[in-house]
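For reference, the structure is listed below as structure tokens.
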Amino acid sequence: MQTKSTEPIRMDAGFMKDVAERSGQMFNSCFHCRSCSGGCPMGEEMDYLPNDIIRMVQLGLKQEVLESASIWLCVGCLACVSECPNGIHIPDMMDTLRQIALEEKATIKEPEVVAFHQAFLDQVKRYGRLYELGFMTRYRMKSLPVLRDLPNYMKFFFSGRLNFLPEKIHKRVDMKRLNEVCNVER
Amino acid sequence: MSKGDRKLIPLGKRRICIYPGCSLTASSRDFADSLFQMARMAGMWVEELKDWNCCGASPAHSVNPEYATLLSGRNLILAQKQGIEDLYVVCPSCYIRLKESMHKLDKDAGLRDKLFEAYGTEYTGEVNVRFFLESLEPGDEEIFKGKMNQSLAGLNAVIYYGCLMSRPERVTGFELKVYESSIIKFVENTGAKVIDWGASSRCCGAHLAVSRPDLSDRLVDRILDYAKRAKANCIITFCPLCQVNLEMRGKAKDRLPVFFIPELAGFATGEVKALKWARRHLVNPLPLLRNHRIL
Numbered sequence: 001m002q003t004k005s006t007e008p009i010r011m012d013a014g015f016m017k018d019v020a021e022r023s024g025q026m027f028n029s030c031f032h033c034r035s036c037s038g039g040c041p042m043g044e045e046m047d048y049l050p051n052d053i054i055r056m057v058q059l060g061l062k063q064e065v066l067e068s069a070s071i072w073l074c075v076g077c078l079a080c081v082s083e084c085p086n087g088i089h090i091p092d093m094m095d096t097l098r099q100i101a102l103e104e105k106a107t108i109k110e111p112e113v114v115a116f117h118q119a120f121l122d123q124v125k126r127y128g129r130l131y132e133l134g135f136m137t138r139y140r141m142k143s144l145p146v147l148r149d150l151p152n153y154m155k156f157f158f159s160g161r162l163n164f165l166p167e168k169i170h171k172r173v174d175m176k177r178l179n180e181v182c183n184v185e186r
Numbered sequence: 001m002s003k004g005d006r007k008l009i010p011l012g013k014r015r016i017c018i019y020p021g022c023s024l025t026a027s028s029r030d031f032a033d034s035l036f037q038m039a040r041m042a043g044m045w046v047e048e049l050k051d052w053n054c055c056g057a058s059p060a061h062s063v064n065p066e067y068a069t070l071l072s073g074r075n076l077i078l079a080q081k082q083g084i085e086d087l088y089v090v091c092p093s094c095y096i097r098l099k100e101s102m103h104k105l106d107k108d109a110g111l112r113d114k115l116f117e118a119y120g121t122e123y124t125g126e127v128n129v130r131f132f133l134e135s136l137e138p139g140d141e142e143i144f145k146g147k148m149n150q151s152l153a154g155l156n157a158v159i160y161y162g163c164l165m166s167r168p169e170r171v172t173g174f175e176l177k178v179y180e181s182s183i184i185k186f187v188e189n190t191g192a193k194v195i196d197w198g199a200s201s202r203c204c205g206a207h208l209a210v211s212r213p214d215l216s217d218r219l220v221d222r223i224l225d226y227a228k229r230a231k232a233n234c235i236i237t238f239c240p241l242c243q244v245n246l247e248m249r250g251k252a253k254d255r256l257p258v259f260f261i262p263e264l265a266g267f268a269t270g271e272v273k274a275l276k277w278a279r280r281h282l283v284n285p286l287p288l289l290r291n292h293r294i295l
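For the protein sequence lines, the chains are A and B, in the order given.
Note that our numbering numbers the first sequence so that position 32 is 32, with each residue one more than the last.
Note that our numbering numbers the second sequence so that position 174 is 174, with each residue one more than the last.
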């Protein structure tokens, strides 16, 4: 585990309890067999492996966890869940960590992934369904590597695999009420 | 709508209610097209869940799990109101989201109250969420055998299940092992050859293919490499996102066409629309299909 040698390590004693309560997982039962890390498809790209994250949660290294790339790179493929001998649902833990990171406005290491999530949800909040063309153009305008995918999107569009107009649900007021109930903006 | 006043369907047909999911209305509409074609062949009457909404996919539960549960929950409420007992979900990701929402609502009374607050209907838990393969029994692949008049000999296929579909039943609620031999037999019945390989349930990068294409490239390249080493000339998939990722991502020069499994049934039964489906692929499958005199 990398730590900056000049700064003291800050530990948050209640962090594990907090995460455990919100995600419904028992982190005490993890004995670090690393089955999750071995099977993780994103393991190579992560700064901390899934079981490292659990260890850090156990130790209460809150800031390091919330500012890691790993929590955003987990795609929720459930490989770790099927491997874990103790039945810990790591993607649920990652969900909780992401949520805490957003709530506490921690520095986010993978801003593009967050922008993706938010652009996707914007479409859902507006139409109730995903409007792929609108989503792609909006999201792609925010992030740079547009040119690479342009030919593919053009082909999608001209072969009729993208709808020109959004598909909407009829009762869009449901989406509005859902936002109110969950206290989500817009 | 109550269970009594649903419209009549032709005699001898089975009514199947489907939750298609967003991608099946747009980028993977050929999947929907070919799948419904197959369902009709098996004597099913396919209906769409009326006014369904997006399940929230990965973004919703990544950012706000409660919102994700209630968003998927709306579909369960709709199914309940429309008197549907089994809701068949096509996309593996939608399936997991709806199933998880179902479990959470069953367990948590607080979430049920919020659901009521948002949509004004009490959640009763009558609706059962099922994966579309479950509308058939293992062994039902024989139904299609008699209707195939065009051999797909020459296709050396590897079957790519993707991550979510191949997870054990205790995690997802769907057991692939029950259907696996049936799926293989179905593909073999078309005349195509099924090759064993090691990457059938490796992850393709899912939504990171959009936000971090560089990471997804590596994963897809590895899957394609496995497929090529197994000497396959096409890949068969069940998931709309996997299909797009496998055709679009990766830096490999020689690409393999990636078919949805019901497309094969379309090719094998000489479906008129099959040529249209083939034309819409990002990796052009026509040279392969023409070489073996399939289309």
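We put the beta carbon where it would ideally sit given N, CA and C, even for glycine.
Since the model is a prediction, treat every value here as computed from it, not as a measurement.
B:A26 places its beta carbon less than 8 angstroms from that of A:N163.
Neighbours of A:N152 across chain B, judged by C-beta separation under 8 angstroms: M248, L282. Take the alpha-carbon of B:R167 and the one of B:L219: they are about 18 angstroms apart.
B:L35 places its beta carbon 8 angstroms or farther from that of B:L70. At least one beta carbon of chain A lies nearer than 8 angstroms to the beta carbon of B:Y67. Where B:E48 is concerned, the enclosing beta strand (DSSP E) starts and stops at 44 to 48. Looking only at B:V244, B:E66, B:A232, B:L76, the smallest Cα-Cα distance to B:G125 is reached by B:L76. Around the Cβ of A:V173, a 10 Å sphere holds fewer than 16 other Cβ atoms; the residue is exposed. Residues of the segment 17 to 38 of chain A whose Cβ lies closer than 8 angstroms to any Cβ of chain B: none. Around A:R55, the same chain offers H32 as residues with beta carbons nearer than 7 angstroms, after the five sequence neighbours per side are excluded.
The C-alpha of B:G56 lies about 27 angstroms from the C-alpha of B:W45. Contact annotation: in the segment 30 to 47 of chain B, residues whose CB is within less than 9 angstroms of a CB in chain A are D30. Nearest to A:I108 by C-alpha distance, out of A:S35, A:E64, A:T6, A:P91, is A:E64. For the segment 104 to 123 of chain B, the beta-carbon criterion of a distance under 8 angstroms to any beta-carbon of chain A is satisfied by K114, E117, A118, Y119.
At a cut-off of 8 angstroms between beta carbons, B:H292 makes no contact with chain A. Residue B:Y95 holds the alpha-carbon nearest to the alpha-carbon of B:E175 among B:Y95, B:D113, B:D106, B:K145. Contact of B:G154 with chain A is not assigned, every C-beta pair being separated by 8 angstroms or more.
A Cβ-Cβ contact shorter than 8 angstroms links A:V181 with B:A118. When DSSP states are grouped into helix, strand and coil, B:C242 belongs to the helix group. The three-state reading of DSSP puts B:F174 in coil, since its state is none of H, G, I, E or B. Taking every protein chain shown into account, the CB of A:V19 has 16 or more other CB atoms within 10 angstroms, so this residue is buried. Along the segment 81 to 113 of chain A, the positions whose C-beta sits under 9 angstroms from a C-beta of chain B are V81, S82, G87, H89, P91, D92, M94, D95, T96, R98, Q99, L102, E110, E112, V113, read in chain order. Within the model, the alpha-carbon separation for B:K50 versus A:G39 is close to 39 angstroms. When the Cα atoms are used, B:F144 and B:P92 turn out to be separated by approximately 23 angstroms. For A:L49, no chain B residue has a Cβ inside 9 angstroms of its Cβ, as the nearest lies near 15 angstroms away. Within chain B, E117, A118, Y119, G120 have C-beta atoms less than 9 angstroms from the C-beta of A:R177, given in sequence order.
When secondary structure is reduced to three states using DSSP, B:A206 falls in the coil class, being assigned neither helix nor strand. A:V65 has a beta carbon lying at 8 angstroms or more from every beta carbon in chain B. Leaving aside the five residues that flank B:C242 on each side, the residues in its chain whose CB is nearer than 8 angstroms to its CB run, in chain order, Y160, G162, C204, V258. B:Y160 carries a strand assignment under DSSP once its states are collapsed to helix, strand and coil.
For B:I18, the beta-bridge partners assigned by DSSP are B:E48, B:Y88. Taking a 10 Å sphere around the C-beta of B:A39, we find 16 or more other C-beta atoms and assign the residue as buried. CA-to-CA, the gap between A:E110 and A:R148 works out to about 20 angstroms.
Against chain A, the CB of B:L219 has a partner CB under 8 angstroms away; the residue lies at that interface.
For B:T237, the enclosing beta strand (DSSP E) covers residues 234 to 237. For the segment 16 to 27 of chain B, the set of residues with a beta-carbon nearer than 7 angstroms to any beta-carbon of chain A comprises C22, T25, A26, S27, in chain order.
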